[in-house]
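All remarks here apply to the structure that follows.
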Amino acid sequence: MKKTILTSLTLFSTLLLVACSSDKGTKSKTEINSDKSTKTVEKPKNKVDNSKYDSVVSKLNNELNQDNSTKMESKIENNVVEGDYPNGHTVIRLLVKNDAKKMFSEMLDAEDANTATADQKNALNMLRMSISQIAKELPDDTTTIDFGYEMSADNYRLIAKSSKIKDIIPIGDLVME
């Protein structure tokens, strides 16, 4: 099992590096449809100590961006109110930018249209598996890790979302050809 995960993670990393460094080919210009729940971020009155998340954020950055070639931003948001968490919770948000954003956008568009290749499906599922495994190290059951990209101000397209106890965006099966 570890060998399969490691091989798939290596495949994903290689795919990410190749996509980021390849020349600009033909890009599809499909519009992204997103059915997102309403999110409200309340500003805390007192400064929240987020240092308990440092090791998780560091592990995410190390595993998902090993050679720092991908432009990726990580931030921690506190007291985020969502449908599953009406009392608020903490979100560790990882956002890809530039070429990686374009690559993931194309992968998700293909996945939504049921036209994704086996490599695209496996890359998305391996990413979701990695996020899920790291989420199991979170200090509480309500904090989530969101991996995606920003579509517009405070509107995100999520690729993976997991908490310590569940995968909000389900992990699919790996496809063998």
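Numbering of the sequence shown is given in the numbering used here, commencing with residue 3 and proceeding in unit increments.
Don't be surprised by glycine CBs; every beta carbon is placed ideally from N, CA and C.
Small disclaimer: the values here were computed from a predicted structure and weren't measured.
#1: So for M178, helix, strand or coil by DSSP?
#2: Determine contact between the region 148-163 and the region 121-138, defined as no fewer than three beta-carbon pairs at a distance below 8 Å.
#3: Going along the chain, which residues of its own chain have a beta-carbon closer than 6 Å to the beta-carbon of K29, five neighbours each way excluded?
#4: Looking only at its own chain, which residues have a Cβ that is under 8 Å from the Cβ of E179, when we skip the five neighbours before and after it?
#5: May I ask you to verify whether the region 137-149 touches the region 112-119, counting CB pairs closer than 8 Å and requiring at least 3?
#6: Express the C-alpha separation of N64 and I170 in angstroms, rounding to a whole number.
#7: Determine whether the beta carbon atoms of F106 and V93 lie at a separation below 9 Å.
#8: In this structure, does DSSP put L110 in helix, strand or coil?
#9: Rounded to whole angstroms, what's the CA-CA distance from S36 to E152? Just pull it up for me.
#10: In whole angstroms, give me the CA-to-CA distance for L176 and I136.
Answer, in terms of the structure:
#1: Residue 178 sits at position 176 when you count from the first residue of the sequence shown. Secondary structure of M178 (DSSP, three-state): coil.
#2: Counting C-beta pairs closer than 8 Å gives three or more between the region 148-163 and the region 121-138, which meets the contact rule.
#3: As a position in the sequence shown, residue 29 is number 27, starting the count at 1. Note that K29 scores 35 on pLDDT, short of 50, meaning its location in the model is unreliable and no value can be drawn from it.
#4: Sequence index remark: in the sequence shown, residue 179 carries index 177 (1-based). These residues qualify, in order along the chain: A120.
#5: By the criterion of at least three beta-carbon pairs nearer than 8 Å, the region 137-149 is not in contact with the region 112-119.
#6: Along the sequence shown, read from residue 1 onward, the residue named residue 170 stands at position 168. Along the sequence shown, read from residue 1 onward, the residue named residue 64 stands at position 62. Straight-line Cα distance between these residues: approximately 23 Å.
#7: Mapped onto the sequence shown, residue 106 falls at position 104. Mapped onto the sequence shown, residue 93 falls at position 91. No, the pair does not count as a contact, with Cβ atoms beyond the cut-off.
#8: In the sequence shown, counting from the first residue as 1, residue 110 sits at position 108. Residue state, collapsed to three classes: helix.
#9: Within the sequence shown, numbered from 1, the residue matching residue 36 stands at position 34. Within the sequence shown, numbered from 1, the residue matching residue 152 stands at position 150. With a pLDDT of only 38 at S36, under 50, the local geometry of the prediction cannot be trusted, and no value is derived from it.
#10: In the sequence shown, the residue the question calls residue 176 occupies position 174. In the sequence shown, the residue the question calls residue 136 occupies position 134. A straight-line Cα-Cα distance of about 19 Å links L176 and I136.
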